[in-house]
Amino acid sequence: MEVHHPTSLPDALRAVAAGATPLAGGTDLMVEINFGHALPDHVVGLRRVEELNSWEDSRIGAGVTWRRIDEKGPTALAEAARTVGSPQIRNAGTIGGNVATASPAGDGLPFLAAVDASIELVSPTSTRHLLWSDFFVGVKQTAKAPDELIVAIQLPERLPSRQAFGKVGSRNAMVIATVGCVVTRDDDGKTTVALGSVAPTPIRAFRAEEMISAETSPSESALFEFQRLVSEDVRPITDHRSTEEYRRHAAGVLARRLLERCLR
Amino acid sequence: MIVSFSLNGSPASGRVERPISLLDFLRDELKAIGSKSACDQGECGSCSVILDGVVVCSCLVMAADVEGSTVTTVEGLESEGTLSAVQQAMHEAGAVQCGFCTPGIVVAATDLFSHNSSPTTREIKEALAGNICRCTGYGAIIRAFETLAGEST
Ligand SMILES: Cc1cc2nc3c(=O)[nH]c(=O)nc-3n(C[C@H](O)[C@H](O)[C@H](O)COP(=O)(O)OP(=O)(O)OC[C@H]3O[C@@H](n4cnc5c(N)ncnc54)[C@H](O)[C@@H]3O)c2cc1C
Ligand code: FES
Ligand code: FES
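As given, the protein sequences belong to chains A and B, one line each in that order.
Residue numbers for the first sequence follow the working numbering, beginning at 3 and rising by one.
Residue numbers for the second sequence follow the working numbering, beginning at 1441 and rising by one.
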């Protein structure tokens, strides 16, 4: 087995280009390995790569852990971070690993969709920024090329003044989301709604956004119309965690409650 | 490859040929069996260790990736036969039933008390959210750490 422990990005990229599997916090990859679904014999450990661990304002390095995001992230992303796994998982797991895994239930993803974040991808020969909607292409599928690393998540310079994250699950701690949601609302009323676990990729509920953005102080009936539009726009499935009907209902209720939190 | 790191203050090393976990490496290669293996997927916390200053599940750490790191397991918490304050608190509160979860709980609580000497009950529960006690002895476990937290205020 060949394992690299680079401290610089170019060295890490060379290893990836030569076929090494990236390893960040290991909280997704090691489960795959322990259960025999993956057996990499060439690995590049990323946790010593300074550039991946750096965080400058709106540019969050891929190696930033949930623990650090909980401590100093933007409101709704920090709220999401607090719900990821347990302290042990938050100490190891990274936002880059969450994005690379691209699980429909990834708790970091609704925020990225809600604020129109981009994913910075770097290969030995190129750098590109993909908008979240171009990056996430299916269940656990992304537009990342095999020789690329996710280097950072780029957020807009200015974030909406009000933001809220919520997640529905079967218990409080250590739970994979049945539905995850971020609502943002800016001073001019512009509202975004992004949801996870209700489609193959994170999605936005554009019709609901448009309707509620036009309301300066939404009435009770406007709030319920917003809820109805969100429920209509999601595309959930039935699986071992929940049914399609429950997810559809919960998505609307959760989005409305988060909107109410933003309006307070 | 050979992996070398610091284990409970002493140098440790061994050969790894496959992407095994630090937990398996500790238990099978180094015969350090204090950290327990139960779920192998980060759900139970019985394998908790302190890696470079933070508590993690050793079943989710690749052994080959601890090269040059510092690892503390439950074996490293007592000093010369004297239990640490966290261990003593568990002992006095009768917070050990079958004992399987105990090493993980002790390591997770050690991490908590290392950065917060008087945690609230809520903070204690949050710090232990990743540790399952199959004997469900949570009451005594929480009380042990409430008492310890009270002593430092
Ligand atoms: C017990 C448990 C509870 C969990 N709870 C939650 C939860 O509540 N919410 C949630 O969203 N997730 C949860 N997860 C999943 C996981 O913790 C997160 O997805 C985490 O963010 C993964 O990050 P990591 O650094 O550990 O990734 P790793 O496991 O190191 O890597 C994951 C994948 O991404 C690739 N990769 C990593 N970094 C990069 C990079 N920079 N560039 C390109 N590819 C890269 C790896 O090759 C691998 O394929 C949980 C996992 C466990 C075991
Ligand atoms: S064995 Fe590691 S968390 Fe259960
Ligand atoms: S004491 Fe038996 S598992 Fe906790």
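All C-beta atoms, glycine included, are put in the ideal place defined by N, C-alpha and C.
Those residues whose C-beta sits under 7 Å from the nearest heavy atom of ligand 3 are, from N- to C-terminal order along the chain, V1536(B), Q1537(B), C1538(B), G1539(B), F1540(B), C1541(B), T1542(B), C1573(B), R1574(B), C1575(B) and G1577(B). Comparing alpha-carbon positions, the option among E246(A), S221(A) and D241(A) lying closest to D235(A) turns out to be E246(A). Shown in chain order are the members of the region 85 to 104 of chain A whose Cβ falls below 8 Å from a Cβ of chain B: G87, S88, P89, Q90, I91, N93 and A94. Residue environment analysis places R249(A) among the buried positions, since at least 16 neighbouring C-beta atoms fall within 10 angstroms of its C-beta. DSSP places K169(A) within a strand segment (E or B) once states are collapsed to three. Below the 7 Å Cβ cutoff, chain A contributes no neighbours of A1452(B), its closest Cβ being approximately 17 Å away. With respect to the C-alpha of P204(A), the residue from I152(A), S172(A) and N100(A) having the closest C-alpha is N100(A). V1494, V1495, V1496, C1497, C1499, L1500, V1501, M1502, A1504 and D1505: these are the residues of the region 1490 to 1505 of chain B whose beta carbon lies less than 7 Å from some beta carbon of chain A, given in chain order. Inter-residue distance for T29(A) and Q1537(B) is about 29 Å (C-alpha atoms, whole angstroms). Within chain B, the C-beta atoms nearer than 7 Å to that of N36(A) come from S1461, D1480, Q1481 and C1499, in chain order. Per DSSP, reduced to three states, the secondary structure at S244(A) is coil, with no helix or strand assignment.
Within the same chain, Cβ atoms closer than 8 Å to the Cβ of R50(A) are found at H7, P8 and T9, the five residues on either side in sequence being excluded. It is roughly 20 Å from the alpha-carbon of G1577(B) to the alpha-carbon of G1474(B). Secondary structure remark: continuous beta strand (DSSP E) runs of at least 3 residues inside the region 14 to 85 of chain A, in chain order: 23 to 25, 44 to 47 and 61 to 63. A straight-line Cα-Cα distance of about 22 Å links F113(A) and V124(A). Runs of the alpha helix (DSSP H) spanning 4 or more residues and lying entirely within the region 1497 to 1556 of chain B occur at 1525 to 1532 and 1542 to 1555, in chain order.
In the three-state DSSP reduction, C183(A) falls in the strand class (E or B). Excluding the 5 residues flanking it on each side, T193(A) has same chain C-beta neighbours closer than 6 Å at R187, E211, I214 and S215, in chain order.
DSSP places Q1481(B) in the coil class of the three-state scheme, outside both helix and strand. DSSP places A1452(B) in the uninterrupted beta strand (DSSP E) bounded by S1450 to R1455.
In this structure R206(A) is buried. Its beta-carbon is surrounded by 16 or more other beta-carbon atoms within 10 angstroms.
In the DSSP assignment, R237(A) falls outside any beta strand (DSSP E) and carries neither an H nor an E. The beta-carbon distance between A1580(B) and A1529(B), rounded to whole angstroms, is 10 Å. This is too long to meet the 8 Å contact definition. When Cβ pairs closer than 8 Å are counted between the two stretches, the region 161 to 171 of chain A is seen not to touch the region 66 to 74 of chain A, the count staying below three. At a cut-off of 9 Å between beta-carbon atoms, E1507(B) makes contact with chain A. Linking E1483(B) to S163(A) through their CA atoms gives a straight-line distance of about 36 Å. D1468(B) is outside the set of residues whose beta carbon lies under 9 Å from a beta carbon in chain A. The Cβ atoms of V1511(B) and L1552(B) lie no closer than 9 Å to each other. Nearest in C-alpha terms to L157(A), of all of E58(A), A82(A) and E222(A), is E58(A).
Residues of the region 1561 to 1575 of chain B with a Cβ closer than 7 Å to any Cβ of chain A, in chain order: A1567, A1569 and G1570. Excluding five sequence positions before and after A257(A), the CB atoms of its chain that fall closer than 8 Å to its own CB belong to C183, V185, V195, L197, A207, A210, F228, Q229 and V232, given in chain order.
For S1554(B), the closest Cβ of chain A is not nearer than 9 Å. Of the other Cβ atoms in all chains shown, 16 or more fall within 10 Å of the Cβ of N36(A); this residue is therefore buried. Taking a 10 Å sphere around the C-beta of F137(A), we find 16 or more other C-beta atoms and assign the residue as buried. For R1583(B) against A1533(B), the beta-carbon gap comes to about 5 Å, under 8 Å, which counts as contact.
With a cutoff of 8 Å, L1491(B) does not count as near ligand 2, since its C-beta is closer than that to no heavy atom of the ligand.
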